[in-house]
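**Q**
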Amino acid sequence: MSAEQKALQAAIRYEKASAQVKALTRSIGEELEECPTTKLAEQAWQQFGGNMYVSKSSGKVMTHLWGAFNEEMEGPYGGVRLNEGEITDYLRDGETGCPHCLRAWELIGERKAARKDLGRAKLSLRAVAKSAIKAQGA
0 MSAEQKALQA AIRYEKASAQ VKALTRSIGE ELEECPTTKL AEQAWQQFGG
50 NMYVSKSSGK VMTHLWGAFN EEMEGPYGGV RLNEGEITDY LRDGETGCPH
100 CLRAWELIGE RKAARKDLGR AKLSLRAVAK SAIKAQGA
């Protein structure tokens, strides 16, 4: 494969990975917009101009996913946050979870993998550029 073909393949790989990360980020936001807590927050804001469904510290809507991220369990050394499996269980539970937040959580996992692919694509693009610079004698 010629240097030009390698450069083109690296650029294509990078652009595809970048587009996938952006699409997943958009999908996560769309799922969180469908969370019943988000809808209640919007109604409260429209009716009262204030919002009891928004965290004072972060300013974010306290969705079920927010609850899973902020849930603490007692551990041997004090409070411990939930791990990935426990977050999934929390969001599947009928009392603490919601299907939209669960889907958002699944998409977050997919985006994490897509970001790794993006990083690898960026490395290969940089390797092609470094090789081209070296070939030019600079």
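Just so we're aligned, residue 0 is where the sequence shown starts under numbering that gives the first Met the number 0, counting upward by one.
Even for Gly, the Cβ is constructed at its ideal location relative to N, Cα and C.
Every value quoted in this text rests on a predicted model; they were computed, and no experiment measured them.
Taking 7 Å as the threshold (C-beta atoms), are V20 and R114 in contact?
**A** Yes. Within cutoff.
**Q** Going straight from the alpha carbon of A67 to that of N82, what length do you get?
**A** Between A67 and N82, the C-alpha separation is close to 10 Å.
**Q** Compare the beta carbon distance of T37 and V53 with 7 Å and say whether it is the shorter of the two.
**A** No.
**Q** For a minimum of 3 consecutive residues, which ranges assigned as the beta strand (DSSP E) are wholly contained in the stretch 53-137?
**A** Whole beta strand (DSSP E) segments, 3+ residues: 71-74 and 77-80.
**Q** List the endpoints of the continuous alpha helix (DSSP H) containing E30.
**A** Run containing E30: A2 to E32, per the alpha helix (DSSP H) assignment.
**Q** Where S123 and A9 are concerned, what is the direct C-alpha to C-alpha distance, given to the nearest angstrom?
**A** Taking the straight line from one Cα to the other gives about 6 Å.
**Q** Tell me which residues share the same chain as S26 and place their Cβ nearer than 7 Å to its Cβ, disregarding the 5 neighbours each side in the sequence.
**A** These residues qualify, in order along the chain: L106.
**Q** Suppose the cutoff is 7 Å on Cβ atoms and the five residues either side in sequence are ignored; what does the same chain contact list for S17 look like?
**A** Around S17: L117.
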